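Trainee: Residue numbers (numbering that gives the first Met the number 0), protein chains in the order written: chain A, 0 to 311; chain B, 0 to 575; chain C, 0 to 327.
Just so it is clear, CB atoms sit at the ideal spot from N, CA and C, and this is done for glycine as well.
This structure is a prediction, so every number in the text was calculated from the model and none was measured.
Sharing a structure here in structure tokens format.
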Amino acid sequence: MDHRITPVTAGLAAFLVRRLLTALVFVLIVSSSALVLARLAPGDAATGSSLQTSQTQLDATRARLHLDRPVAWQLADWFGGLARLDLGRSSLYDQPVTGLLRERAPRTAALASVALAIAAAVALPLGMVTGAKPRGLVARLVTPISLALVSCPPLIGALALLWLALSTHWLPATTGSLAVPALALALPLAATMERLQSQAIADALAAPDLLAAAARGIPPTRLVWVHAMRQSLRPVLGIFGIVIGSVFSGSLAVEWVTSWPGLGRLMYDAVINRDVFLVTGCAFVGAALIALGNLIADLARAVVDPRVQEGL
Amino acid sequence: MRRSTVLPILAALLVAIGLGLWRRAGQPTPSAGDGTPVSGGRLIATFRTEPRTFNRFASPQAAEDLVARLTQATLVRLNRVTGEIEPWLATEWSASPDGRAYTLKLRQGVTFSDGAPFSAADVQFTFRALFDKQVNSALASSLLVAGEPLGVRVLDETTIVITLAAPYGPGLALLDAIPILPRHKLEAAYLAGTFRDAWGLGTPAADIVGLGPFVLREYVPGQELLFARNPRYWRRDERGLPLPRLDEIEVQIVPEQDGELLRLENGTADLTTSQVRPEDLATLRRLESAGRLQIANVGVGLNPDGLWFNLAPGAPVAKDKPWLQRDELRRAISYAVDRQALADTVFLGAAKPIYGPVTPGNREWFVADLPKTEYDPARAKALLATLGLSDRDGDGLLEDASGRPARFSILTQKGHTILERSAEVLREQLRRVGLTVDIAPLEHVAMLEKFNKGEYEAMYFYIGADSFDPARNPDFWMSSGDFHLWQPAQKTPGRPWEASIDDLMRRESTTLDRTEQKRLFGEIQKIFAEHLPVVYFVAPDVIIAMSERVHGATPSILQPPVLWNAETLWITASRR
Amino acid sequence: MSPVRARVTPLACLVVLAIVAPALAPERPTEQFADRTYAPPMRVHVRDASGWRAPFAYPQVLEDRVMRRYGEDRTRPMPISWFTNGRAASIPADGGPLLLLGADSLGRDILSRLLVGMGRSLGVALAGALGGLVLGALVGGWAGSRGGRVDHALMLVADFILVLPGAYVVLVLRGTLPLTLSPAAVFALLAGLFAVSSWPHVARGVRAIVATERARDYAEAARASGAGSARLMWHLLPAAGGFLLVEVVLLVPALLVAEATVSFLGLGFPEATPSWGTMLQEAHNVTMMAEAPWMLAPALAILLVVFALQATSGARAQNLVAAISSRS
């Protein structure tokens, strides 16, 4: 047994290192582009108060924020700071960017986790039922709704849920509550997962080895809940990594509509106020999260299927 | 009566009395239906932005101003309802004959919130730090007189002299903007050259010491600021009872106006600092009739909307449209717009048509009998005809002499719903006299960038005033000013009437006689009405809403509308 | 009807509706009726005291401007005339505007704006999606059939575009473009922007499918017989057909919403030309949502488009898996 593991782990380790390096380069390129774009956009952090402050004051602010230096200089400055784990200072909040990110990121993470949890808790069991009994009552009810919700943009979902909350008071509609934003994110996620799970169960049940198991006399419920589920885990796990990225980008719109104080909201405020370092910091975190999600997904697939390692 | 029946009846009575007492105990503050102020309780207010520092001198933003108004005190206070200057930390004052020096006597027996005594040394330190070049305070740049900082001389422990570089019309009203800071807490930072960074957001609340009615108790970033009564506050009310009346003020940070409104509606906030929007009035009035809210229309505000054109002579946008920079175009637009329809459509009637930069809300300075351009589309068309614009092809729209459509673009701010809606109404109104207008909404910073670079034809925006006295706003009136919207920062006045206004303004701000000031400013308004460099349409009413628990409010049209005088507020009944 | 026809028909209907809809608008979409701000939808009656009648409506009367109270003038029933005066449905002029879906904050007819905006918004979303599909199919097909370094590099470019803060690109674009753009220019710009931002999703999915196909026997045979990469790609692409159809389902609603976000940053259709995106921005007002829910009509319209597109694609989960896996 042992001599079979060593080449597998060695290949896996090399794969991991290659992917990590790629991910790192990717994150750095994205952050740099965000910084360059932020500088290129019309106006800067000082322009926002130009109808209330004198020209000399504006010039002084620009000098203080190093906005009078060339873009290349500011890029180098940011990289230098990155080496010290310092992402610069936000011009909008006058605080270190790392502090702001550390404060807001958990809120988006909380939102994302709750949305994922709700989606998984609802969708996976439902998917197993609709997959095992595609012509049953549950399947006939759930499938069309699911299909519709798959491509329902989170913004529309958030608006609809807000309206529901305000007119029926079944959900809390105040700024601090998690209910509306989490549900808005969870709905399309749940629909996707349900459809995937359903198809995966159906495929697994039709697979020859399960037929053989049935022929051996294993009862049908056991077939579904144990054997088929194990088989269906692979495609579902496969998308879990990518789901992180999709939730992050969906959360921007949802956070804006429901005033949830997370990363999405922070990014929006940073963009509007031309806060160069904050935008770069948010892009950095966003890229890191997506790269992480992809990495985990690829790793999971590579562990299960060694053929994947050589392709990348 | 048999003993066996007495006991149960007694027990029942006792229980009933107990229940009654218990219910009364659930309401810690007795309700005072007769209007007598009571002490105690917590007020919850909402605010739209967060402070970036607790150092008022380092930042001119609204949140920092609010914190300073609650925790600090000034030498004199400008009463925002009456417009009069009231003695505050200074009890009396006199002006020198030439108006360049004011002698003030300071109040005795006043201590800071940490017990340290207040003296002239604190005033001197405050002024030194405020006007220090290294500190480079944004607040200071709005407090210069004739371009020079104010000077302060200490005569003795209780008397100071404030010196100005030139006689200044608004006089001591300037001092309303200067909170007196504690020398014993901030001098070290000042001497070390780090005053700007002092009292940042990470400062422990106990270090933020002041002479104001409240002290900062706690700051939760992104969520709220908690203020508690300053037990050492020196002011008393008219009955001699100590102020402030409230135990605590909780300021919640709610960035969206919708969020503020929701909290007000469901009772989790007592007061919002944003004004009520016209479309929210219906919901709020319903709550008002249910007895849950009070709505106060404080009157016409100071912030009218304004449309101006880029009048810089070399502006590329005007090369092929010379009629764009002519006075007649602006007069025609002023006649063409039905201001009442604008007030009704966008503000649901809660706005007043105005024809000049000073609104009726500015009671001291508003001149009612100026020439007005009331709604007269025929006259507008006639004026446009004098510019050579007429309908040459019968499509209802005007063209110029070479057949090009009379068309221009108006820059405005995206996301400011009232502004966008008003711009749409304007567009429609101008179409009716044949002018084709494109509304170009850009988001805030991009819009300002276009303005700063002069890359626009016309702009439509809200021109805010943060004080009543026009002399506090010289950058708008003077042709050399940075906010001389239609052509800022001119080296010499480009037009004779601008030169007249410059001259009148200079005289107005150096005259100490209020009557003369008003006469001169009336002249300026006449010139303005004649040439209309900015066309004004409506001034919205200031409407504020508070819960029914709040009493003692003295709402003003300036920001913050209620919390500027937080010490006299009191609340009744416990929270729902 | 063959399965393909059955699936394409709802999509075709949508396209036809988008072209025809503007002609169906009862009022001019930019006309502001000063006495109809936030007016509720007018009710169409078919019965009155004397029994069944042709459809008619009572004129709206503004009772209280601030409280937004409207009543009906029951003394003057106005019959609805169809296809007269160049309008699909109208009532006599003295009855005021025919507001079948109510009016917005400036008193403009929501139904008319919805119909006229439909062509614009749907058009931009479809054009962008189509551009994204074509571009994505080409890039993904190339990456999948070549494999190796080319594949890896192309997918990195795709990831890069996915993660870039699109808001900044929009702002930079807005800053460099002239202040007023014609609706046609905005249309082209938005369609281009959407195409560029959607091709990465498509490319990843197509690449995955093509890469799997490449390993199959017929592809090996083609390569053995000397087919170049381009020729190979041409053979392999049709396998991704079902996936591409599914991607339309996912892309179009997302792009409809993107139109709203982008126009909020300043790069949208001018206010004068109605589009679902600009209408959605107004609907965002939380208080109005409960009080004037007819403002949410564009959100409902987008949902209906979603349903229609779902019916088109059939959404076989296998294609859906590939589609979802390429989303990021």
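(1) Which two residues bound the contiguous beta strand (DSSP E) that contains A/L170?
(2) Based on DSSP bridge pairs, tell me the residues matched to B/A295.
(3) Quick one, which of B/A227, B/R234, B/A565, B/L174 has its alpha-carbon nearest B/D246's?
(4) Is it buried or exposed, C/Y217, if we count other Cβ atoms within 10 angstroms and call 16 or more buried?
(5) Listing by chain order, which chain A residues have their CB less than 7 Å from the CB of C/I109?
(6) Am I right that C/S328 and C/P28 are in contact with their C-beta atoms under 8 Å? What's the rounded C-beta distance?
(7) Give the DSSP bridge partners of B/L441, in chain order.
(8) Please identify, using Cβ separations under 7 Å, the residues of the stretch 341-358 of chain B that lie next to chain C, in order along the chain.
(9) Check whether the stretch 179-189 of chain B and the stretch 141-149 of chain B touch, using three or more Cβ-Cβ pairs below 8 Å as the test.
(10) Looking at the unbroken alpha helix (DSSP H) that takes in C/W81, where does it start and where does it end?
(11) Taking CB distances under 8 Å as the criterion, tell me whether C/Q309 reaches chain A.
(12) Provide the residue span of the beta strand (DSSP E) that contains B/A204, from first to last.
(13) Figure out for me which residue from C/A220, C/A88, C/L23 has the closest Cα to the Cα of C/G116.
(14) Establish whether the CB of B/A400 and some CB of chain A are separated by less than 8 Å.
(15) Relative to the C-alpha of C/S120, which residue among C/M287, C/N284, C/A282, C/S262 is closest?
(16) With DSSP collapsed to three states, give me the class of B/P29.
(17) Where do the ends of the alpha helix (DSSP H) carrying C/V115 lie?
(18) Based on DSSP bridge pairs, tell me the residues matched to B/E85.
(19) Give the straight-line distance between the Cα atoms of C/L303 and C/Q309, rounded to the nearest whole angstrom.
(20) Could you tell me the alpha carbon to alpha carbon distance between C/E258 and C/G267, rounded to whole angstroms?
(21) Going along the chain, which residues of its own chain have a beta-carbon closer than 7 Å to the beta-carbon of B/I526, five neighbours each way excluded?
(22) Going by DSSP in three states, A/I271 sits in which element: helix, strand or coil?
(23) C/M287 versus chain B: which residues are under 7 Å apart at the beta carbon?
(24) Are the C-beta of B/D257 and some C-beta of chain C separated by less than 8 Å?
(25) Per DSSP, which one or two residues make a beta bridge with B/L103?
(26) Measuring straight from C-alpha to C-alpha, what distance separates B/P169 and B/W476?
(27) Quick one: what's B/G305 bridged to in DSSP?
(28) What is the DSSP secondary structure of B/Q133, counted as helix, strand or coil?
(29) Since I believe B/S112 is in contact with B/V250 (beta carbons under 8 Å), could you give me their beta-carbon distance rounded to a whole number of angstroms?
(30) So what does B/R494 bridge to, in DSSP terms?
(31) Given that a residue counts as buried once 16 or more other Cβ atoms are within 10 Å of its Cβ, and exposed if not, what is B/R23?
(32) Under 8 Å, do B/G305 and B/V160 count as touching if we go by C-beta distance?
(33) Residues of chain B with CB under 8 Å from A/T46, in chain order?
(34) Does the separation of the CB atoms of A/A119 and A/M192 fall below 8 Å?
(35) Using a Cβ-Cβ cut-off of 7 Å (strictly less than) and excluding sequence neighbours within five positions of A/S250, which residues of its own chain qualify?
(36) Of all Cβ atoms in chain A, is any one closer than 8 Å to the Cβ of B/N302?
Mentor: This is what the structure holds:
(1) As a position in the first sequence, residue 170 of chain A is number 171, starting the count at 1. Boundaries for A/L170: no beta strand (DSSP E) harbours it, and the DSSP string shows neither H nor E there.
(2) Within the second sequence, residue 295 of chain B is the residue found at index 296, counting from 1. DSSP output for B/A295 lists B/I543 as bridge partner(s).
(3) Here residue 246 of chain B refers to the residue found at position 247 when the second sequence is read from its first residue. Residue B/A227 is the option with its Cα nearest to B/D246.
(4) Position 218 of the third sequence, counting from 1, holds the residue named residue 217 of chain C. It is exposed - the Cβ of C/Y217 has fewer than 16 other Cβ atoms within 10 Å.
(5) Residue 109 of chain C sits at position 110 when you count from the first residue of the third sequence. Those do not exist, as C/I109 stays about 15 Å from chain A at its closest Cβ, beyond 7 Å.
(6) Residue 328 of chain C lies beyond the residue range present for chain C, which begins at 0 and ends at 327; the question has no answer from this structure.
(7) Within the second sequence, numbered from 1, the residue matching residue 441 of chain B stands at position 442. According to DSSP, B/L441 bridges with B/Q412.
(8) D343, T344, L347, G348
(9) no
(10) Here residue 81 of chain C refers to the residue found at position 82 when the third sequence is read from its first residue. Not the alpha helix (DSSP H): C/W81 falls in the beta strand (DSSP E), residues 80-83.
(11) Mapped onto the third sequence, residue 309 of chain C falls at position 310. Closer than 8 Å: yes.
(12) In the second sequence, the residue the question calls residue 204 of chain B occupies position 205. In this chain, B/A204 is not harboured by any beta strand (DSSP E), its DSSP state being neither H nor E.
(13) Numbered from its first residue, the third sequence carries residue 116 of chain C at position 117. For the residues C/A220, C/A88, C/L23, the minimum Cα distance to C/G116 belongs to C/L23.
(14) If you number the second sequence from 1, residue 400 of chain B lands on position 401. With 8 Å as the cut-off, B/A400 does not count as an interface residue toward chain A.
(15) Within the third sequence, the letter at position 121 stands for residue 120 of chain C. With distances taken between Cα atoms, C/S120 lies closest to C/S262.
(16) Here residue 29 of chain B is taken as the residue at index 30 of the second sequence, counted from 1. The predicted position of B/P29 is uncertain, since its pLDDT is 38 and thus under 50; a value taken from the coordinates is nonetheless stated next. In the displayed model, B/P29 falls within coil according to three-state DSSP, outside both helix and strand.
(17) Taking the third sequence and counting its residues from 1, one reaches residue 115 of chain C at position 116. Residues 109-145.
(18) Translated into the one-based positions of the second sequence, residue 85 of chain B becomes position 86. BP columns for B/E85 point to B/R76.
(19) Numbered from its first residue, the third sequence carries residue 303 of chain C at position 304. Numbered from its first residue, the third sequence carries residue 309 of chain C at position 310. Rounded to whole angstroms, C/L303 to C/Q309 spans 10 Å at the Cα level.
(20) In the third sequence, counting from the first residue as 1, residue 258 of chain C sits at position 259. In the third sequence, counting from the first residue as 1, residue 267 of chain C sits at position 268. Cα-Cα distance, rounded: 7 Å.
(21) Residue mapping note: residue 526 of chain B aligns to position 527 of the second sequence, counting from 1. Excluding residues within five positions, the ones whose Cβ falls inside 7 Å are W496, S499, I500.
(22) Your numbering for residue 271 of chain A matches position 272 in the first sequence. In this structure, A/I271 counts as helix in the three-state DSSP scheme.
(23) Residue numbering aside, residue 287 of chain C sits at position 288 when the third sequence is read from its first letter. By Cβ distance, chain B contributes E278.
(24) Mapped onto the second sequence, residue 257 of chain B falls at position 258. It does; some Cβ of chain C falls within 8 Å.
(25) As a first step, residue 103 of chain B must be located in the second sequence, where it is residue number 104. Partner(s): B/W92, B/I159.
(26) In the second sequence, counting from the first residue as 1, residue 169 of chain B sits at position 170. In the second sequence, counting from the first residue as 1, residue 476 of chain B sits at position 477. The alpha-carbon atoms of B/P169 and B/W476 are separated by roughly 16 Å.
(27) To locate residue 305 of chain B, count along the second sequence from 1; it is residue 306. DSSP, once it has assigned bridges, lists B/F460, B/Y535 as partnering B/G305.
(28) Translated into the one-based positions of the second sequence, residue 133 of chain B becomes position 134. It is coil, neither helix nor strand.
(29) The sequence position of residue 250 of chain B within the second sequence is 251, counting from 1. The sequence position of residue 112 of chain B within the second sequence is 113, counting from 1. With a Cβ gap of about 18 Å, B/V250 and B/S112 do not count as contacting.
(30) Start at 1 with the first residue of the second sequence, and residue 494 of chain B comes out as number 495. Note: B/R494 sits in no beta bridge, so no partner.
(31) As a first step, residue 23 of chain B must be located in the second sequence, where it is residue number 24. Residue placement at B/R23 cannot be trusted, given a pLDDT of 38 that sits under 50; what the coordinates show is reported in the next sentence. B/R23 is exposed by the Cβ-count criterion.
(32) Counting from one through the second sequence, the residue named residue 305 of chain B turns up at place 306. Counting from one through the second sequence, the residue named residue 160 of chain B turns up at place 161. It is not a contact, given that the beta carbons lie outside the stated cut-off.
(33) Walking along the first sequence from the start, residue 46 of chain A turns up at place 47. Under the 8 Å cutoff, chain B gives V444, L447, E448, N451.
(34) Here the question's residue 119 of chain A lines up with position 120 in the first sequence. Here the question's residue 192 of chain A lines up with position 193 in the first sequence. It is a contact, given that the beta carbons lie within the stated cut-off.
(35) Indexing the first sequence from 1 puts residue 250 of chain A at position 251. Correct list, in chain order: T107, L110, A111, L184, G261, G263.
(36) Position 303 of the second sequence holds residue 302 of chain B. It does not: the Cβ of B/N302 has no partner Cβ on chain A nearer than 8 Å.
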